[in-house]
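**Student:** Protein chains in written order, with our numbering: chain S, 5 to 785; chain W, 437 to 580. One structure, as structure tokens, below. Some questions next.
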Amino acid sequence: MDELINEFIAETREMLEALSGEIVAWEAVPDDRARLDEIFRFVHTVKGNSGFFDLPRIRALSHAAEDALSAVRSGTRSADARLVSAVLAVIDRLAELVEALETGETLASEDDSALIDALSDAAPAAAFETEAAPANPAARTSSRTIRLPVELLDRMMSGVSDLVLARNELARRIRATGDAEMIAAFDRVSVTVADLRDGITRTRMQRIDHLFAPLPRMVRDICGQTGKLVGLEIDGGDVEIDREMLEMIRDPLTHIIRNAIDHGIESPSARRRAGKKETGCLRVCARQAGNQILLEISDDGAGIDGDKLVNRAIAAGVVTAERAERLNEAERHALVFEAGLSTAAAVTDLSGRGVGMDVVRANVERIGGLVEIESRAGQGVVLTLRVPLTLTIIPALTVAAGGQVYAIPRSAIEEIVRVKGGSVRVETVGGAAFATVRGRRLPLIYLRASLGREPHPDPAAQSLVLLRPAGADLYALAVDDIHDHEELVVKPAAPAVIAAGLYAGTTIADDGKPVLLLDPPGIAARAGLTLHRRGAEAEVAAAPPAAAQGPAALLFRTFEGRKRLVPVAAVRRIEDVRPEAVQLSAGRLHVALGETLLPLEGCGRAVPDRPIRLLRLNDGRSEIAYGFADVVDILPLPAGLVPATEPGEVRGVVLVGDEQAELLDLHWLFERHGGRASTAEAAKPVCAIPAGDPFMDGILRPLVESAGYSVVASGAPGSESASIVIASDEAGEVEPPEGARLVRIRAEAEGRSDSIHRYDREALLAALAGESPPKRRRHRG
Amino acid sequence: MAELLLIVRLAGERVALPAADVESVVEIESLTPVPGAAGHVAGLAALRSRVLTVIDCLASLDPSRRLPADAAEAVMAVVDGHPYALLVEAVEDVVEATGERQPAAASLSAGWRRIGRATIEAEGDLLLLADVEALIAGPVREAA
């Protein structure tokens, strides 16, 4: 609302400025029709706009002036000097009111009735003469907002993008000199440039409200045409998104909403029969997740009729009947994105025959976004659009093929694997290449072939980039080498370059050389991979493990940029979480994943400020989350571990290629988090405590455990191996097992000197520590 | 005022470009090839932080020919917001036209007819006035 008022103020002021000349001219020639029209339009516009807000004074004044002027326009009244003065006085007052609105001050003159009366036909000429003194423009306060042409912002943005590129190149050259002072000085420049870039990027951001504002009216109109009842809920209008991106998602959003009402939400009578409220609910919700905007459009309609859709898909030749048999529920629903399909029983003039969803997907993917659909029969459909925040700077992976470097947008990359890694099998069937990666058979495209280059002399030395450009159609792209992750400023490519069908844009790498940004869907299309070959991505029996190689290990980068390895077998899955899911509690970071709370490692003790990726590590019984920056590769665990000198989360260092990578010590990690791994348990010294005592059990026990003991009840199996026995000073004779120490505790602050007060934490820990620490260390893995 | 012309050498001939269409004269140091693009697209070059699409004007004139690999002199022009570098055999000079544009003679060969929209007189010679956009479009448009 504030934003709208500001816009109203800005617009009114602009009109006033433009009008000032007209007013003077009108004063000189009151019957100048063109001037009269100008002024009439102004008061009319102000009246209309003020109606949106609760601005009764502005509305009354502009209304009165409009009436008077419209009488002149229709010829029932003549424009004499008296009327001109009265109108001018009203306009001046309007200007004051608008100023006051912005500064939040109140006006000295609270009463507008004299001004309004002066406009009336019958008013005596002298009634307002004292009022008509010109308003003093110098009294205006300086405004806090300015309006800028969007082109200017675009120019600034492109200037800053160039600056970033120039900085990158300069940084590279300065680093090459090795001059520490120069590097430090330049780092400051570098930080400033980054701030500047962020600032300019933000100036181009607009609240997504602008996209949502026309929706209520649109929904109302569509309901009118379809006879449906729909309540619209909008959430997250304050999310900001790049202006350009906003324009790009306007059409897809419109399509989706039309579809949701036209095809999704049932007629009131059908809803009644289904036991639902007559009024359907359509929810549009935006939120930011990292550098993506999530736009969720959900309805509570009938959902997608999977069978009907599949039948149509078969009829339209989109899938074969046998392929359709094997589709899972999600894949069946994803068929709505195929061209030429529509589930509406009758083709309506609103959504047409399947026009829409395929176009929606194409449009969203063109800007590097994704569309996902989730449907539950009878309960509705949720469509999720994921789009990047901005079009101009994207994270990308640089790769090499045929002696040249190319960039791939990271949003399309699912995974990177090495052909030699053993987890990949490459085969050729009838001229088409396939890669089997951990049991998944994917179409394989050689980038060299796409580019018309010579095949690689040693295909097995290549790496595969698994690309999911279209949200569903995973394929493997073979490249010679993986270079680096970089943030690239993308520039539109010239039409002659786009015509090749392989590139999405151009950019400049840090070394100042131009780099082509590959277009993953274009490459797939050029290679003859059509969407309908999705069947090629079939589950196959797990590939036989490569013999004589270590178990597969995941190579990843930590937040500090270190490369670390973890055996794949211990990784349950990789997840992205929002920073809100992470909390520092009980001195450690924990992350909430759905219903489960896991200890979080790999992030130090700082709660992350942006979404992070997690490895969910599993020892068969418990789980630990490990935060990391990105996955580098999956490869056989190299031999030749150099053990770490200190116990910690790193077990040792191995060589991956010619780089060092640290191997995670899972044993240490799980032990640290109280994982009840049996080996760790056995290694712990045992402490026997009296059974059935609430203090002992509820309060003392955790303290003893935190000191590294495993706790058993006195007399229970296992207590005979205790190295410490704790007993109350009120207990009678206690016979500790051989070699064990007896610690007596008492409930009172004062008491026997051979006992410890039970809330004397330090003395308790000291007694427990008496012999335990060396023993613990000795037993650790 | 007489029209300013930039004289370049192409296929051994002196050819005029309207100086108004030219942003600057640049030297292309290294090229990043664009695999898959039309033959007259020599590649990409970086000029400060801009990415220039480099056009081999000889290939644009005659699809069967290419400028030698060491050709470096180019004319920079911006068309539809995209910066281009037009590689030529040599960039000679800027001269003033001594006459008005005249329609090109119909007897020109196909390639020249495509890139040359007019003839113009300068320094006592009759020069072909090449069209920047036609050079950039290359022979593709005709093939399509």
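All C-beta atoms in this analysis are idealised placements derived from N, C-alpha and C, irrespective of residue type, glycine included. Bear in mind the structure is a predicted one, so any value in this text is a computation, not a measurement.
For residue 232 of chain S, name the three-state secondary structure that DSSP assigns.
**Tutor:** Position 228 of the first sequence, counted from the start, is the residue given in the question as residue 232 of chain S. In this structure, residue 232 of chain S counts as coil in the three-state DSSP scheme.
**Student:** Does the CB of residue 408 of chain S have a neighbour CB from chain W at under 8 Å?
**Tutor:** As a working note, residue 408 of chain S is residue 404 in the first sequence. Yes, because at least one Cβ of chain W sits closer than 8 Å to the Cβ of residue 408 of chain S.
**Student:** Using three-state DSSP, classify residue 45 of chain S as helix, strand or coil.
**Tutor:** Position 41 of the first sequence, counted from the start, is the residue given in the question as residue 45 of chain S. Looking at residue 45 of chain S - three-state DSSP - the assignment turns out to be helix.
**Student:** Fully enclosed by the region 487-537 of chain W, which alpha helix (DSSP H) runs are 4 residues long or longer?
**Tutor:** Listed in chain order, the complete alpha helix (DSSP H) runs (minimum 4 residues) inside the region 487-537 of chain W are 493-497.
**Student:** When you compare each of S:481, S:496 and S:69 to residue 420 of chain S by their alpha carbons, which one comes out closest?
**Tutor:** Taking the first sequence and counting its residues from 1, the one referred to as residue 420 of chain S is at position 416. Ranking the options by Cα distance to residue 420 of chain S, first place goes to S:481.
**Student:** Three or more beta-carbon pairs under 8 Å between the region 507-517 of chain W and the region 450-470 of chain W, yes or no?
**Tutor:** Cβ pair count under 8 Å is three or more, so yes.
**Student:** Could you check if residue 630 of chain S is buried or exposed, using at least 16 other CB atoms within 10 Å of its CB as the buried criterion?
**Tutor:** Here residue 630 of chain S refers to the residue found at position 626 of the first sequence. So residue 630 of chain S ends up on the buried side.
**Student:** Alpha carbon to alpha carbon, what distance is there between residue 272 of chain S and residue 2 of chain S?
**Tutor:** Residue 2 of chain S lies beyond the range of chain S shown here (5 to 785); nothing can be said about it.
**Student:** Taking the straight line between their C-alpha atoms, what separation do you get for residue 446 of chain W and residue 470 of chain W?
**Tutor:** Position 10 of the second sequence, counted from the first residue, corresponds to residue 446 of chain W. Position 34 of the second sequence, counted from the first residue, corresponds to residue 470 of chain W. Spanning the two alpha carbons is a distance of roughly 23 Å.
**Student:** Quick one: what's residue 691 of chain S bridged to in DSSP?
**Tutor:** One-based indexing of the first sequence puts residue 691 of chain S at position 687. The partner list for residue 691 of chain S (beta bridge, DSSP) reads S:715 and S:728.
**Student:** Compare the C-beta of residue 547 of chain W against all C-beta atoms of chain S and say whether one is closer than 8 Å.
**Tutor:** Counting from one through the second sequence, the residue named residue 547 of chain W turns up at place 111. Chain S, which has no Cβ nearer than 8 Å to the Cβ of residue 547 of chain W, makes this no.
**Student:** In or out: residue 480 of chain W buried (at least 16 other Cβ within 10 Å) or exposed?
**Tutor:** Taking the first residue of the second sequence as position 1, residue 480 of chain W is located at position 44. Answer is buried; the Cβ neighbour count reaches 16.
**Student:** Cα-Cα, which of S:56, S:51 and S:44 is closest to residue 91 of chain S?
**Tutor:** Position 87 of the first sequence, counted from the start, is the residue given in the question as residue 91 of chain S. It is S:44 whose Cα lies nearest to the Cα of residue 91 of chain S.
**Student:** Measure from the alpha carbon of residue 540 of chain W to the alpha carbon of each residue in W:547, W:533 and W:553, then state which is nearest.
**Tutor:** Residue numbering aside, residue 540 of chain W sits at position 104 when the second sequence is read from its first letter. Nearest of W:547, W:533 and W:553 to residue 540 of chain W, Cα basis: W:553.
**Student:** Please list the terminal residues of the continuous alpha helix (DSSP H) segment that includes residue 161 of chain S.
**Tutor:** Within the first sequence, the letter at position 157 stands for residue 161 of chain S. Looking at the DSSP string, the run of the alpha helix (DSSP H) that includes residue 161 of chain S is 154-181.
**Student:** Give me the subset of the region 483-507 of chain W whose CB atoms are less than 9 Å from a CB atom of chain S, sorted by chain position.
**Tutor:** Those residues of the region 483-507 of chain W that come within reach of chain S (Cβ to Cβ, closer than 9 Å) are 484, 485, 486, 487, 488, 489 and 491.
**Student:** Chain W partners of residue 453 of chain S, CB-CB under 7 Å?
**Tutor:** The sequence position of residue 453 of chain S within the first sequence is 449, counting from 1. By Cβ distance, chain W contributes nothing, its closest Cβ being about 10 Å from residue 453 of chain S, past 7 Å.
**Student:** Would you list, in chain order, the members of the region 553-565 of chain W that have their beta-carbon closer than 9 Å to a beta-carbon of chain S?
**Tutor:** For the region 553-565 of chain W, which is checked against every Cβ of chain S, not one residue is closer than 9 Å.
**Student:** Judging by CA-CA distance, which residue of S:652, S:642, S:668 and S:651 is the nearest neighbour of residue 662 of chain S?
**Tutor:** Walking along the first sequence from the start, residue 662 of chain S turns up at place 658. Nearest of S:652, S:642, S:668 and S:651 to residue 662 of chain S, Cα basis: S:642.
**Student:** Let me make sure I understand the geometry here. Which of S:751, S:381, S:653 and S:367 has the alpha-carbon closest to that of residue 606 of chain S?
**Tutor:** For this step, residue 606 of chain S is matched to residue 602 along the first sequence. Cα-wise, what sits closest to residue 606 of chain S is S:653.
**Student:** Check each residue of the region 498-509 of chain S: if its Cβ is closer than 8 Å to any Cβ of chain W, include it; give the result in chain order.
**Tutor:** Answer set for the region 498-509 of chain S: 498, 499, 500, 501, 503, 504, 505, 506 and 507.
**Student:** Quick check: is the beta carbon of residue 457 of chain S nearer than 8 Å to any beta carbon in chain W?
**Tutor:** Here residue 457 of chain S refers to the residue found at position 453 when the first sequence is read from its first residue. Yes, its Cβ sits closer than 8 Å to a Cβ of chain W.
**Student:** Taking the alpha carbon of residue 623 of chain S as the point to measure from, which residue in S:570, S:377 and S:728 has its own alpha carbon closest?
**Tutor:** For the purposes of this step, residue 623 of chain S is taken as residue 619 along the first sequence, with counting starting at 1. The option with the nearest alpha carbon to residue 623 of chain S is S:570.
**Student:** Hey, is residue 577 of chain W's beta-carbon within less than 8 Å of any beta-carbon in chain S?
**Tutor:** Residue mapping note: residue 577 of chain W aligns to position 141 of the second sequence, counting from 1. At residue 577 of chain W, the pLDDT of 46 sits below 50, so the modelled position is not reliable; the number obtained from the coordinates is stated separately. It does not; no Cβ of chain S falls within 8 Å.
**Student:** For residue 170 of chain S and chain W, any beta-carbon pair shorter than 8 Å?
**Tutor:** Here residue 170 of chain S refers to the residue found at position 166 of the first sequence. True, the Cβ-Cβ gap to chain W drops below 8 Å.
**Student:** Verify the CB distance criterion: does residue 532 of chain S have a CB-CB separation below 8 Å to chain W?
**Tutor:** Working through the first sequence from its first residue, we reach residue 532 of chain S at position 528. Not one chain W Cβ lies under 8 Å of residue 532 of chain S.
**Student:** Please state whether DSSP places residue 28 of chain S in a helix, a strand or coil.
**Tutor:** Start at 1 with the first residue of the first sequence, and residue 28 of chain S comes out as number 24. In the structure shown, residue 28 of chain S sits in a helix (DSSP, three-state: H, G or I).
**Student:** Return the first residue and the last residue of the alpha helix (DSSP H) that residue 86 of chain S is part of.
**Tutor:** Walking along the first sequence from the start, residue 86 of chain S turns up at place 82. Unbroken alpha helix (DSSP H) run through residue 86 of chain S: 85-107.
**Student:** Would you list, in chain order, the members of the region 444-468 of chain W that have their beta-carbon closer than 8 Å to a beta-carbon of chain A?
**Tutor:** Reference to chain A is not applicable here, since the protein chains of this structure are S and W.
**Student:** For residue 766 of chain S, name the three-state secondary structure that DSSP assigns.
**Tutor:** Mapped onto the first sequence, residue 766 of chain S falls at position 762. Correct three-state label for residue 766 of chain S: helix.
**Student:** Can you tell me whether residue 452 of chain W is buried or exposed? The criterion is at least 16 other CB atoms within 10 Å of its CB, across all chains shown.
**Tutor:** Taking the second sequence and counting its residues from 1, one reaches residue 452 of chain W at position 16. Residue 452 of chain W is buried by the Cβ-count criterion.
**Student:** How far does the alpha helix (DSSP H) with residue 203 of chain S in it reach, from first residue to last?
**Tutor:** Locating residue 203 of chain S in the first sequence gives position 199, counting from the first residue. 184-207 is the extent of the alpha helix (DSSP H) around residue 203 of chain S.
**Student:** Residues in the same chain with beta-carbon distance under 7 Å from residue 460 of chain W, minus the five sequence neighbours each way, listed in chain order, please.
**Tutor:** Your numbering for residue 460 of chain W matches position 24 in the second sequence. Same-chain partners within the cutoff: 512.
**Student:** Return the residues of the region 46-62 of chain S that lie within a Cβ-Cβ distance of less than 9 Å from chain W, sorted by chain order.
**Tutor:** Under the 9 Å Cβ criterion, the region 46-62 of chain S contributes no residue.
**Student:** What does DSSP give as the partner residue(s) for residue 495 of chain S in the beta ladder?
**Tutor:** Looking up residue 495 of chain S in the first sequence gives position 491. Paired residues: S:510.
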